């Protein structure tokens, strides 16, 4: 497995839970969200994880609906996830850049498209590139529930 960042986080959560303390745990998506939830099992309840993409089953968002349709067409047994949604967005962005360059596609054209376009809208998901080379500054908060699954968090006071 290439991403084992979840292991020390899981160990810390398990250690804290074993001492009877109840701190609030919050980590970032790079931890490997699904691996962390699987590793923690029921001990994961209440652990917050920030995500860089919307909830992968939120069909109220056109980009997520398109992603789910593409995922199902590729492998109808595949589970939606944050990582594959991020990959889908990256792929759609690459396609958009290539299409805008047309037959004159090269590295310079592709980078110019990303850096000079005010906004690239991919099915209602806006991407804006600046000096930080990030297309999106949105952060989505999730929490592992008692069921071991991720749930979207609207406000921290709800949890």
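Residue numbers (this note's numbering): 795 to 953. Positions of the beta carbon are idealized from the N, C-alpha and C atoms, including for glycine. Model, not experiment: these values are computed from the prediction.
Taking C-beta separations shorter than 8 Å and ignoring five residues to either side along the sequence, the partners of residue 836 in its chain run 940 and 942, following chain order.
For residue 920, the enclosing beta strand (DSSP E) starts and ends at 919-921.
Remark: C-beta atoms of residue 804 and residue 834 approach each other more closely than 7 Å.
Residue 845 carries a strand assignment under DSSP once its states are collapsed to helix, strand and coil. For residue 856, the secondary structure class from DSSP, reduced to helix, strand or coil, is helix. Secondary structure within the region 899-948: the beta strand (DSSP E) runs of 3 or more consecutive residues, fully enclosed, are 914-916, 919-921, 934-938 and 944-946 (chain order). The secondary-structure analysis by DSSP pairs residue 821 across a beta bridge with 843.
Secondary structure of residue 869 (DSSP, three-state): coil. Cβ-Cβ distances below 6 Å link residue 922 to 913 in the same chain, with the five nearest sequence neighbours on each side left out; the list follows chain order. For the pair residue 907 and residue 809, the Cα-to-Cα distance works out to about 48 Å. The Cβ atoms of residue 830 and residue 800 sit closer than 7 Å to each other. DSSP places residue 815 outside both helix and strand once states are collapsed to three, so it counts as coil.
Judged by DSSP in its simplified three-state form, residue 802 adopts helix.
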